[in-house]
Amino acid sequence: MSLHQEFPLDSSICYLNHAAVAPWPKRTADAVCDFARENTQRGAANYPAWMKVEQTLRNRLAELIGAQSPRNIALQKNTSEGLSAIAYGLNWRAGDTIVITDQEFPSNRIVWESLADKGVTLCEVSLTSASPEHAIIDALDESVRLLSVSSVQYGTGLVLDLDVLGEACSQKGILFCVDAIQSIGALPFNVNQCQADFVVADGHKWMLGPEGLALFYVSDQAMDKLSLNQYGWHMVEDRGNYNVKTWEVAQDAKRFECGSPNMMGAYALNASLSLLLEYGMDNVQRELLSKVAFLEQALIRHNDLELITDTERTRRSGILTFRHRKISSESLYSQLMAQGVICACRGGGVRFSPHFYTPESQLARAVELIPA
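This is the structure we're talking about:
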């Protein structure tokens, strides 16, 4: 595999924003172009072949997260839709508590706040302690029904030990939800190992796919705990039989897909995942963390910069956030963007997020463009 050919990025930019929206690999663009060309010339004449691509996508998503079967995989529009299916599918009781952290992306906060009129309380745990996992576990009292955390914090890149949290939830009978959008595609992920009941992740970041298509994993044990709030032709057991007027809900996670699939998105994400799985997630992780370590050292050598991201090796992800001692983060972000360094202003600083294929020369160039 030639990474240079797979990622023919404009040489005038340093792309360090995979934690927001990732560029597509060439094979992904080719897949979408082929699908569009076929649609233009033959319409849906090959619709059965399209459905095979959708099933291949489910299989690849299951492989990517270590799920036992693709039957636990639903395709959603985005992370928020998956979280909403959980929030409005569970049978809440007044006095129930949901625990999150104080650094969550709004998707993993607003949806739980919206349950206040049902008498559900939201508890936010600070991640500033030396052991954030222990702080979270200490908050899991008898009122807690659900723990919902991001595997990697979007602002600082902090990695949480999901295995420890999952075991605590299992011991206490608490449902465990993981927003894994900042880790799947960047770091190895295993739903069984972390004992997650629910995992949600949009495909447009580290999975290198399009916006508008997300993974929604539901464990066998949790599937029947969710009532349905959307209904349509696609979520029934015999979804290809349009003339039957009696129906039953699909036995697998397709029950959370009420209508027509995002077929063009499926072609795109399927192609992107083929690249990640072909390269191997252990190799992706090794290369990505090597790039992050290189970038970290380059930032440390710049005397006017202060790292916000935790540099402990077990906490590392694909995100490095820093601030300038003399220039505001907003101003520095604008200057870098104007010079072709595509990044973000997050977590109280400037956020760099390379991927496994990012050349070290681009990382060095990005740091060189940071003024003293």
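Just add 914 to wherever you are in the sequence shown, counting from 1, and you've got my numbering.
Backbone N, C-alpha and C fix where the C-beta goes; we use that ideal spot for every residue, glycine too.
- For the pair of segments examined, the region 1117 to 1126 was found to touch the region 1175 to 1187: the number of CB pairs separated by less than 8 Å reaches three.
- Minimum Cα-Cα distance from Gln990 among the listed residues Asn953, Ile1256 and Val1114 corresponds to Val1114.
- As DSSP reads the structure, Gly1263 sits in a beta bridge with Arg1260.
- Per DSSP, reduced to three states, the secondary structure at Ser1062 is strand.
- Taken in chain order, the complete beta strand (DSSP E) segments of 3 residues or longer contained in the region 1074 to 1158 are 1089 to 1093, 1112 to 1116 and 1128 to 1132.
- Secondary structure at Arg1239: coil, using DSSP grouped into helix, strand and coil.
- Straight across, the Cα-Cα distance linking Asp1111 with Tyr1068 is about 21 Å.
- For Leu1041 against Thr1011, the beta-carbon gap comes to about 18 Å, at or over 8 Å, which does not count as contact.
- It is roughly 45 Å from the alpha-carbon of Ser925 to the alpha-carbon of Met1149.
- Per DSSP, the continuous alpha helix (DSSP H) segment holding Gln1276 begins and ends at Glu1274 to Glu1282.
- Under DSSP, Leu1221 shares a beta bridge with Phe1236.
- By the C-beta criterion, the region 936 to 945 is judged not to be in contact with the region 1074 to 1086, since fewer than 3 inter-stretch pairs fall below 8 Å.
- Here Leu1142 is exposed. Its C-beta has fewer than 16 other C-beta atoms within 10 Å.
- Distances from the CA of Leu978 to each of Ala1094, Leu1277 and Ala1164 were compared; the closest alpha carbon is that of Ala1094.
- Lys1119 and Arg1239 have their C-alpha atoms spaced approximately 29 Å apart.
- Close CB contacts of Gln1276 within its chain, under the 6 Å cut and outside five residues either way in sequence, are with Cys928 (chain order).
- Residue state for Tyr929 is assigned as strand, using DSSP reduced to three classes.
- Counting along the chain, the unbroken alpha helix (DSSP H) around Thr970 starts and ends at Tyr961 to Ile979.
- By the Cβ criterion, the region 1179 to 1198 is not in contact with the region 1162 to 1170, since fewer than three pairs of Cβ atoms, one from each stretch, lie closer than 8 Å.
- Rounded to the nearest whole angstrom, the C-alpha separation of Ile1088 and Arg972 is 27 Å.
- Rounded to the nearest whole angstrom, the CA to CA distance from Ala1278 to Ala1136 is 46 Å.
- In the DSSP assignment, Cys1172 falls outside any beta strand (DSSP E), carrying neither H nor E.
- Leaving aside the five residues that flank Gly1033 on each side, the residues in its chain whose CB is nearer than 8 Å to its CB run, in chain order, Trp1006, Arg1007, Ala1008, Gly1009 and Asp1010.
- The closest CA to that of Gly1003, considering only Gln1017, Gly1099, Leu1029 and Asn1022, is found on Leu1029.
- Inclusion of Ser1065 and Phe1103 in the CB contact set at 9 Å is warranted, their separation being smaller than that value.
- In summary, Gln982 is exposed, with fewer than 16 beta-carbon neighbours lying within 10 Å of its beta-carbon over all protein chains present.
- Per DSSP, the continuous beta strand (DSSP E) segment holding Thr1011 begins and ends at Thr1011 to Thr1015.
- In this model, Gln955 and Asp948 are separated by some 11 Å (Cα to Cα).
- The beta-bridge partner set that DSSP reports for Glu1038 consists of Ile1014.
- Remark: C-beta atoms of Gly1232 and Gly1117 do not approach each other more closely than 9 Å.
- Relative to the Cα of Thr1225, the nearest Cα in the group His932, Asp1218 and Leu1234 belongs to Leu1234.
- If you look at Gln955, you'll find it in the alpha helix (DSSP H) that goes Lys940 to Arg956.
- 9 Å or more divides the Cβ of Arg1230 from the Cβ of Leu1190.
- According to the DSSP secondary-structure assignment, Gln990 is paired through a beta bridge with Ala1128.
- Taking a C-beta distance under 9 Å as the contact criterion, Val1105 and Ser1084 do not qualify as a contact pair.
- Rounded to whole angstroms, the gap between the alpha carbons of Glu1220 and Leu1283 is 16 Å.
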